[in-house]
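Using numbering that gives the first Met the number 0, the letters of the sequence shown correspond one by one to residues 0 to 305. Here a beta-carbon is modelled for each residue, glycine too, at the ideal position from N, C-alpha and C. Please read the structure below before turning to the comments.
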Amino acid sequence: MDGVTSDNPPGTADPAALRPLLPSPLVEVADPRFARRGLRLLLKRDDLIHPDLPGNKWRKLEPNLRAAAASGTRSLLTFGGAYSNHLRATAAAGRLLGFETTGVVRGEELAARPLNPSLARCAADGMRLRFVDRATYRRKTDPEVLAAVAPPGAFVIPEGGSNAAAARGCEALGRELRDVADVVGVACGTGGTLAGLAAGLGRGQRAIGFPVLKGGFLEEEVLRLQREAFGGRRGDWMLDERFHGGGYAKRTPGLDAFADDFEERHGLPLERLYVAKMLYGLTTLAEEGAFTPGTSVVAVITGTAR
Ligand SMILES: *Cc1c(COP(=O)(O)O)cnc(C)c1O
């Protein structure tokens with residue numbers, strides 16, 4: 000149970016007690032594919048913010064944990080797939096801060112199997128797991144479905160942790176990058192991180208989101224989150240839909256080769272579901288000549304390889 004010290008006793012409910020490493024470190028790496036074109040590559044190490052709530056999961060959960068505590072509840076409910084980083088971060092937050100947590104998991108059949116390592120971690124952190132079939136999962140926010148799975152008074156955090164509060168939490172990521180970046184790349188699942196990041200950037204800076212899911216629905220979703228969080232479209236951002244590799248958790252030989260090589264060059268194990276796809280995208284854009292010489296390219300390392 001690392002992370003629990005006498006300074007942050009379980010039950011404080013105050014995320015500040017977890018002493019996140021903020022602002023997260025920014026480190027330049029020498030990569031010939033960028034240097035050759037007169038570009039700098041910097042890594043924004045959000046993966047180092049907290050060992051149990053890494054990356055954008057910290058930035059998105061923190062305001063939600065505050066809102067939950069302020070509303071007087073110590074019970075959280077959220078949703079995810081069998082390998083959801085968000086479920087794991089929520090379970091860890093519950094253990095560290097004294098929230099009771101319930102995770103609604105997509106896939107009824109999973110209940111009959113041994114838990115995978117990700118769900119086992121959730122359970123070990125005290126999360127109550129409720130497995131539902133895919134049809135029910137699609138209707139997960141309907142009042143009657145919620146009533147069946149949620150403990151009374153539970154604070155509901157959406158799938159992937161993305162809501163207006165989460166997007167506002169990610170605005171700080173953009174602000175931390177003012178004056179140091181021209182272009183910022185980030186991997187996208189629900190788009191909450193991109194929505195906030197872009198809003199926090201300054202004039203002349205732009206963000207590129209790399210969706211890891213196939214579908215082309217994300218533009219509308221990022222806009223919706225920006226409207227809810229900030230009242231309208233904010234910042235200069237776009238999506239590059241070419242690097243999902245076939246869909247969530249799908250891989251291609253090209254992506255695997257890129258990630259293995261990047262790890263070896265830079266001595267940094269890559270989270271493969273999101274971070275590797277984003278870096279593959281940024282590197283491809285650099286090699287395509289998409290950035291003018293002199294550009295500082297920042298890659299947001301949103302999570303940890305496990
Ligand atoms: C959850 C997650 C994302 C996606 O963030 P969204 O805000 O849902 O777009 C990106 N990278 C990592 C490592 C994640 O765990």
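- Distances between the C-beta of residue 82 and the heavy atoms of ligand 1 are all 7 Å or more.
- Ranking 106, 112, 281 by CA distance to the CA of residue 137 puts 106 first.
- CA-CA distance, residue 261 to residue 283, rounds to 13 Å.
- When the beta-carbon positions are compared, residue 176 and residue 185 stay at least 8 Å from each other.
- Rounded to whole angstroms, residue 18 and residue 91 show a C-alpha spacing of 14 Å.
- Using a cutoff of 7 Å, the CB of residue 186 counts as near ligand 1, since one of the ligand's heavy atoms is closer than that.
- Looking at the backbone, the Cα of residue 118 and that of residue 158 are separated by about 15 Å.
- Rounded to whole angstroms, residue 20 and residue 209 show a C-alpha spacing of 25 Å.
- With 16 or more other CB atoms across the displayed protein chains lying within 10 angstroms of its CB, residue 103 is buried.
- Look at residue 130 here: in three-state DSSP terms it is strand.
- In the three-state scheme derived from DSSP, where H, G and I count as helix and E and B as strand, residue 271 is classed as coil.
- The beta carbon of residue 189 sits closer than 7 Å to at least one heavy atom of ligand 1.
- The way I'd put it, the stretch 110–129 doesn't touch the stretch 53–67; fewer than three beta-carbon pairs between them come closer than 8 Å.
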